[in-house]
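Asker: First to last, the protein sequences are chains A and B. The end of the first sequence is residue 415 by full-length UniProt numbering, with every number in the run present. The end of the second sequence is residue 773 by full-length UniProt numbering, with every number in the run present. Just so you know, even glycine gets a beta-carbon here, dropped at the ideal spot from N, CA and C. Here's a structure for you.
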Amino acid sequence: MIGGLFIYNHKGEVLISRVYRDDIGRNAVDAFRVNVIHARQQVRSPVTNIARTSFFHVKRSNIWLAAVTKQNVNAAMVFEFLYKMCDVMTAYFGKISEENIKNNFVLIYELLDEILDFGYPQNSETGALKTFITQQGIKSQSKEEQSQITSQVTGQIGWRREGIKYRRQVLSAHVSGRVVMKSYLSGMPECKFGMNDKIVIDKQGKGGTTDDTGKSGKQSIAIDDCTFHQCVRLSKFDSERSISFIPPDGEYELMRYRTTKDIILPFRVIPLVREVGRTKLEVKVVIKSNFKPSLLAQKIEVRIPTPLNTSGVQVICMKGKAKYKASENAIVWKIKRMAGMKESQISAEIELLPTNDKKKWARPPISMNFEVPFAPSGLKVRYLKVFEPKLNYSDHDVIKWVRYIGRSGIYETRC
Amino acid sequence: MPYFGSEETVKELKRALSNPNVQADRLRYRDYISKVIRYMTQGLDVSALFMEMVKASATVDIVQKKLVYLYMCTYASVKPELALLAINTLRKDCADPNPMVRGLALRNMCNLRMPGLTEYLEQPLVAGLRDKASYVRRVAVLGCAKMHSLQPSTEIDSSIVNELYALLRDPDPVVVVNCLRALEEILKDEGGVVINKPIAHHLLNRMKDLDSWSQSEVLTFLLRYIPRSDEELFDVLSLLDAFLQSPHAHVAMATLCLFLHYASSHTAVQNDALQRSTAPLLASCGTTSRELRFAGLCHIRQVMRSQPSLFASHYKRFFCSYSEPGYIKLHKMEILVELVNDENVALVLEELRSYCTDVSPELAQAAITAIGRIARTYTEKCLEILTGLLSLKQDHITSAVIQAFKDLVWFCPQSTASVCNAIESCTDRPQDSEGKRALLWLLGEHSEGISSAPYVLEELCADELKTEWSPGVKLELLTAAVKMFLSRPAETQDTLGRLLHHCIEEESDMCVRDRALFYYRLLQRGIQETKRVLSGPKSDPSLSMLTGRQEEPVIRWVSDFNTLAPLMNKHDSMLKESERLLATQPMGVFSALAPLMDNGTSSPLQTERQRRASEPVVTTTENEPPPGDTDTTLSSHGKEDEEEAFCLSASPPLSHEEFEKLWVELQTLHTQNLLAPCAQTAPETLQAILQMVHIQTLAFTPAHTLPWRAFLYTRSAATIILTEILQEEDTVQVSVKQYPENKLALRGFLSTLQSAFQTLNAENTCENVALSF
Numbered sequence: 001m002i003g004g005l006f007i008y009n010h011k012g013e014v015l016i017s018r019v020y021r022d023d024i025g026r027n028a029v030d031a032f033r034v035n036v037i038h039a040r041q042q043v044r045s046p047v048t049n050i051a052r053t054s055f056f057h058v059k060r061s062n063i064w065l066a067a068v069t070k071q072n073v074n075a076a077m078v079f080e081f082l083y084k085m086c087d088v089m090t091a092y093f094g095k096i097s098e099e100n101i102k103n104n105f106v107l108i109y110e111l112l113d114e115i116l117d118f119g120y121p122q123n124s125e126t127g128a129l130k131t132f133i134t135q136q137g138i139k140s141q142s143k144e145e146q147s148q149i150t151s152q153v154t155g156q157i158g159w160r161r162e163g164i165k166y167r168r169q170v171l172s173a174h175v176s177g178r179v180v181m182k183s184y185l186s187g188m189p190e191c192k193f194g195m196n197d198k199i200v201i202d203k204q205g206k207g208g209t210t211d212d213t214g215k216s217g218k219q220s221i222a223i224d225d226c227t228f229h230q231c232v233r234l235s236k237f238d239s240e241r242s243i244s245f246i247p248p249d250g251e252y253e254l255m256r257y258r259t260t261k262d263i264i265l266p267f268r269v270i271p272l273v274r275e276v277g278r279t280k281l282e283v284k285v286v287i288k289s290n291f292k293p294s295l296l297a298q299k300i301e302v303r304i305p306t307p308l309n310t311s312g313v314q315v316i317c318m319k320g321k322a323k324y325k326a327s328e329n330a331i332v333w334k335i336k337r338m339a340g341m342k343e344s345q346i347s348a349e350i351e352l353l354p355t356n357d358k359k360k361w362a363r364p365p366i367s368m369n370f371e372v373p374f375a376p377s378g379l380k381v382r383y384l385k386v387f388e389p390k391l392n393y394s395d396h397d398v399i400k401w402v403r404y405i406g407r408s409g410i411y412e413t414r415c
Numbered sequence: 001m002p003y004f005g006s007e008e009t010v011k012e013l014k015r016a017l018s019n020p021n022v023q024a025d026r027l028r029y030r031d032y033i034s035k036v037i038r039y040m041t042q043g044l045d046v047s048a049l050f051m052e053m054v055k056a057s058a059t060v061d062i063v064q065k066k067l068v069y070l071y072m073c074t075y076a077s078v079k080p081e082l083a084l085l086a087i088n089t090l091r092k093d094c095a096d097p098n099p100m101v102r103g104l105a106l107r108n109m110c111n112l113r114m115p116g117l118t119e120y121l122e123q124p125l126v127a128g129l130r131d132k133a134s135y136v137r138r139v140a141v142l143g144c145a146k147m148h149s150l151q152p153s154t155e156i157d158s159s160i161v162n163e164l165y166a167l168l169r170d171p172d173p174v175v176v177v178n179c180l181r182a183l184e185e186i187l188k189d190e191g192g193v194v195i196n197k198p199i200a201h202h203l204l205n206r207m208k209d210l211d212s213w214s215q216s217e218v219l220t221f222l223l224r225y226i227p228r229s230d231e232e233l234f235d236v237l238s239l240l241d242a243f244l245q246s247p248h249a250h251v252a253m254a255t256l257c258l259f260l261h262y263a264s265s266h267t268a269v270q271n272d273a274l275q276r277s278t279a280p281l282l283a284s285c286g287t288t289s290r291e292l293r294f295a296g297l298c299h300i301r302q303v304m305r306s307q308p309s310l311f312a313s314h315y316k317r318f319f320c321s322y323s324e325p326g327y328i329k330l331h332k333m334e335i336l337v338e339l340v341n342d343e344n345v346a347l348v349l350e351e352l353r354s355y356c357t358d359v360s361p362e363l364a365q366a367a368i369t370a371i372g373r374i375a376r377t378y379t380e381k382c383l384e385i386l387t388g389l390l391s392l393k394q395d396h397i398t399s400a401v402i403q404a405f406k407d408l409v410w411f412c413p414q415s416t417a418s419v420c421n422a423i424e425s426c427t428d429r430p431q432d433s434e435g436k437r438a439l440l441w442l443l444g445e446h447s448e449g450i451s452s453a454p455y456v457l458e459e460l461c462a463d464e465l466k467t468e469w470s471p472g473v474k475l476e477l478l479t480a481a482v483k484m485f486l487s488r489p490a491e492t493q494d495t496l497g498r499l500l501h502h503c504i505e506e507e508s509d510m511c512v513r514d515r516a517l518f519y520y521r522l523l524q525r526g527i528q529e530t531k532r533v534l535s536g537p538k539s540d541p542s543l544s545m546l547t548g549r550q551e552e553p554v555i556r557w558v559s560d561f562n563t564l565a566p567l568m569n570k571h572d573s574m575l576k577e578s579e580r581l582l583a584t585q586p587m588g589v590f591s592a593l594a595p596l597m598d599n600g601t602s603s604p605l606q607t608e609r610q611r612r613a614s615e616p617v618v619t620t621t622e623n624e625p626p627p628g629d630t631d632t633t634l635s636s637h638g639k640e641d642e643e644e645a646f647c648l649s650a651s652p653p654l655s656h657e658e659f660e661k662l663w664v665e666l667q668t669l670h671t672q673n674l675l676a677p678c679a680q681t682a683p684e685t686l687q688a689i690l691q692m693v694h695i696q697t698l699a700f701t702p703a704h705t706l707p708w709r710a711f712l713y714t715r716s717a718a719t720i721i722l723t724e725i726l727q728e729e730d731t732v733q734v735s736v737k738q739y740p741e742n743k744l745a746l747r748g749f750l751s752t753l754q755s756a757f758q759t760l761n762a763e764n765t766c767e768n769v770a771l772s773f
């Protein structure tokens, strides 16, 4: 159980403090500030033990959230709880920032009152919380967020998947994707969801002809592990691999999955770095798109890191716009759209200030962001069936959409 | 944070709150109240406003109520007499038709931390337990626990306990879990809530309805229940099977813990459960949240303690990514070292090698140490990498590589030649004292293999005379110089002479000066004598058996799996610390020295060394003489042989029950006060250090509790020694029981124990442990 929850800004000022149990005193607030936030060295562990009290902290932008306890609690649970806390707050007032927390100060106290009682988690579902919380969240919206909201309102997204993650394309890659569902159905409908998961298809293939299995084998994908929303009947999934559930209303995440095999890498990045003497660096980066020519990738951004002692940069690129951003120590190259099977190139001359510093430049990896209109994992939705025996509508009356989005998570190339 | 002008602010707020104009305007009133809360959050003492705030509680505005209640809960203990005024409003609210208001009032009434409250609380609580709204019941159930915590000494009201047990069948899942939580707290002294068969089965059936937090907690409660038959056991496990793959890492881990616990006699089931939970564990170290990733990694390390190969095929998942924080990278490297096998060694080494040039010196050094540890099995490949790193000429890398070399030579004597070559060609000198010590140790021990050794030593010696080094380095320098003098006298004599002169005449550190004097006198007794004292073993491959991979039984770690303990696990680092202590000390000196010294005390390291020196293999059970004839043989031995005959061993292990039985039966033979307080250091350190000298720690109370207690046992020859260590305030008392009695072993044990404590205390302050007696 959690003895208290504190929220600090980056300076270590307390924004919110809520104590649930007597064993946590006011001095705990200061202990964390002095020992962790103001500590000279880097954070050594997300759990800090000060004077027989354990502090679990999570940092979001420059806000520190700390849960305090004196017992030997389940650490994974406390962290997950802190994350849930962040999610709930985000659902109410958007990004967790000092300004937002100060503006929603009363709301947060209300939330903390309902979510935990005597240090035990009570109710953490945003939907269910709405009945108990009287306040409306005050959002400070950035332009980006506003445009996101409009796209959410206008774009009719039935299904979508996002959040693809690649790590180190050469060595290993994995996609962690999710299936997000929006459903507005009356009654208590029973839904069945099918995808091209290898095990399911193999299972069905056994009954069919050999020809069938050969065909579907190519299209099916191997999912390493997946987790489902609470509503999915896990027992049925284990026995039949069928995903059946009664959906909650509105938007929710039906499943999360991770694949590592047969991933279509949408882009290849080929870097070339040449050091010309001590004060000059030549960088050439080629990106190649590797998908159907009829598809268009969007919002492509390549970030080429530069050394700290860069004095000037000259960039030439064939497509898009490139700019050196001194504050971020990187050349940022943006391309609005790029069709499949194309190639684009950028070359830059970086001038360096001579330094006495012997330390080598760490050469951070080149990172890339993009959006592609297909699922690099190869996941396909095969069917979604809705059954509602009590009310008077059938599967045919339900309007359904599917949208695939592949979004880069961490897409890095070592140079 | 005391703010300047805080009194002014409080006065101003007071004025505003009692202003009737403000009170009439709801929004303005609420605004001022939230201002009060804001100041309270910042740490300003606004308790003076209590009266005004109590007045503000009588309102229909729920938000305002919530804020005022928050205020009252914070300050009620400071102003109990004023808080009583609020009770009336609260009790009235407890009967409100709106369940939300009822719940809110009841919760906050229980939160008021003041002693005289119980009499007012009881009636609304009992009413709350029977309320038709589940929200109020949830609050009321936890309210019972809060009431109990207000007056923990009062007798437990059995009617409330019964009511809570009955509420375990409540339709609302949160009420059920809250009941468990409340009962656990109320019945803490009696061992917590009782989980019998009907309750356990009821909980198991309700698992699906619970939210993830409750699931995880219920699973922990279920650990208490023991299924009666195998049939029941398997029923329970198959019911819980789906939760092994839960999307929430903590639920999956709690289920795994339960599986391991229940199936403790079915190894196949345990293995299967471990196998199946690899997926959620791996998923938890791939999540976007760093903290969860960290928790996942820590738990994986625990699982690997008994199944090191479980994750071998997933080694790529433990490669570090650029943006990860240091604490995750360090854990991943530790895991990678464990996972290395013939197939993946090339890739893992290549990966670790790329971490060696990390900008953070700490990470780079950790990576080098990791390669050094892999080198114990895959010597050639690693040596190549380590030697290659020397050419980078970076201080921190060179230092870490040399330290890795030193450990490697100690563990694998076959690598000596290549290490000597590498040292020979390395022109860079480490700048930090750890690196310097490692280099000096290598030079001293293996001066025959390194042709340029005397010149390097001379150079280092000249450096030393110019700039002041830490005493630890000086000690190492002295030992290295003397050892080198023994093997290559002509080239070293001059250096040694100057060094000894400097250390005896000008050194201010007593340890260094004493050591120099000691060597000087030793040399006066002749070369043969010096050689006899100084020639210790140069390597000890058997040590790798002690520190290498061992498959521990699941039972060793399962009790604290899925708690805070794996994340705070200091055990490993402590062990490494003591391991290093062993390896860096020029221990050879002292092992041969022992007979020369007066036989009063002996350092634990010394006995340890000695034991090692006399017995090549560390399996202690074998060299135990048959019981009975020990005493007779011992009496015939001379004084010099006493040390030889006395040897502790912790095996065969003693179970808790056996220990308890013996402890009750035996009389205390000896009690003694120790000066050294031991609870200042973590008990785990103590345990690790005692283990090094073969004293097994059976149980101890958590750190920083007073009185602090620990139970130890060890065997020596045919006798078994049981010990209790009791620490109160600032005295440490040791009481010893022995069976059968053996004075000699007892004396040896006591001195070993005492010096173990000294080691513990001296570890931080004085670098040289062995000289502390």
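Check whether chain B comes within 8 Å of T227(A), counting only Cβ atoms and requiring the distance to be less than that.
Answerer: Answer yes: the Cβ-Cβ gap between T227(A) and chain B drops below 8 Å somewhere.
Asker: If you pair each beta-carbon of the segment 21 to 36 of chain A with each one of the segment 80 to 99 of chain A, do three or more pairs fall below 8 Å?
Answerer: No, the segment 21 to 36 of chain A does not touch the segment 80 to 99 of chain A.
Asker: CA-CA distance, P454(B) and K436(B)?
Answerer: Computed Cα separation, rounded: 15 Å.
Asker: Thinking just about the alpha-carbon of each residue, which of T398(B), I423(B), I397(B), R15(B) is nearest to the one in V409(B)?
Answerer: Residue I423(B) is the option with its Cα nearest to V409(B).
Asker: Look at the alpha carbon of Q687(B) and the alpha carbon of Q696(B), and state the distance between them as a whole number of angstroms.
Answerer: Cα-Cα distance, rounded: 7 Å.
Asker: Can you name, in chain order, every residue of its own chain whose Cβ lies under 8 Å from the Cβ of E343(A), other than the five neighbours on each side?
Answerer: So the qualifying residues of the chain are V286, I287, K288, S289.
Asker: Using beta carbons (cut-off 8 Å, strictly below), is P376(A) in contact with chain D?
Answerer: Among the protein chains of the structure shown, namely A and B, there is no chain D.
Asker: Between the Cα of L84(B) and those of P247(B), R113(B), M100(B), spot the shortest distance and give me the residue it belongs to.
Answerer: It is R113(B).
Asker: Could you check where the beta strand (DSSP E) with P271(A) kicks off and where it finishes?
Answerer: Counting along the chain, the beta strand (DSSP E) containing P271(A) begins and ends at 267 to 276.
Asker: Return no unless some Cβ of chain A is closer than 8 Å to the Cβ of K576(B).
Answerer: At K576(B) the pLDDT is 40, less than 50, meaning the model places this residue with poor confidence; the figure from the coordinates comes in the next sentence. Not one chain A Cβ lies under 8 Å of K576(B).
Asker: For a cutoff of 8 Å on Cβ pairs, would you count H501(B) as touching chain A?
Answerer: No, because no Cβ of chain A sits closer than 8 Å to the Cβ of H501(B).
Asker: Pairing CB atoms from the segment 395 to 407 of chain A with CB atoms from the segment 15 to 22 of chain B, are three or more of them under 8 Å?
Answerer: No, they do not touch.
Asker: Can you give the Cα-Cα distance for I246(A) and S183(A), rounded to whole angstroms?
Answerer: Whole-angstrom Cα-Cα distance: 11 Å.
Asker: I need the DSSP call for L150(B), collapsed to helix, strand or coil.
Answerer: L150(B) falls in the helix class under three-state DSSP.
Asker: Return the chain-ordered list of same chain residues with a C-beta closer than 6 Å to the C-beta of A339(A), the five sequence neighbours on each side being excluded.
Answerer: If we look at A339(A) and ignore the five residues flanking it on each side, its Cβ neighbours are P293, L296.
Asker: Tell me the residue span of the alpha helix (DSSP H) that contains Y519(B).
Answerer: Y519(B) -> alpha helix (DSSP H) spans 510 to 524.
Asker: In terms of DSSP beta bridges, what is V285(A) paired with?
Answerer: Answer by DSSP bridge pairing, in chain order: P271(A), I346(A).
Asker: Run through chain A and tell me which residues come within less than 7 Å of E291(B), C-beta to C-beta.
Answerer: Near E291(B) (Cβ distances below 7 Å), the residues of chain A are P46, V58, F79.
Asker: Can you tell me the Cα-Cα spacing of V558(B) and L281(B), whole angstroms?
Answerer: Each residue's Cα considered, the two are about 15 Å apart.
Asker: Quick one: what's K182(A) bridged to in DSSP?
Answerer: Beta-bridge pairing links K182(A) to E251(A).
Asker: Using only the alpha-carbon positions, how far apart do R373(B) and K406(B) sit?
Answerer: When rounded, the distance between both Cα atoms is 11 Å.
Asker: Say whether the segment 271 to 287 of chain B touches the segment 244 to 256 of chain B, bearing in mind that this needs 3 or more beta-carbon pairs closer than 8 Å, one atom from each stretch.
Answerer: As far as the Cβ criterion goes, the segment 271 to 287 of chain B touches the segment 244 to 256 of chain B, which means the pair count is three or higher.
Asker: Looking at chain A, is there any beta carbon in it that lies within less than 8 Å of the beta carbon of L556(B)?
Answerer: The sequence given here places Arg at residue 556(B); Leu does not occur at that position. Answer no: the Cβ-Cβ gap between R556(B) and chain A never drops below 8 Å.
Asker: Along chain A, which residues have their Cβ under 9 Å away from the Cβ of N562(B)?
Answerer: Ordered by position in chain A, the residues that pass the 9 Å Cβ test against N562(B) are N74, A75, A76, M77.
Asker: For Y322(B), which three-state DSSP category applies?
Answerer: Residue state, collapsed to three classes: coil.
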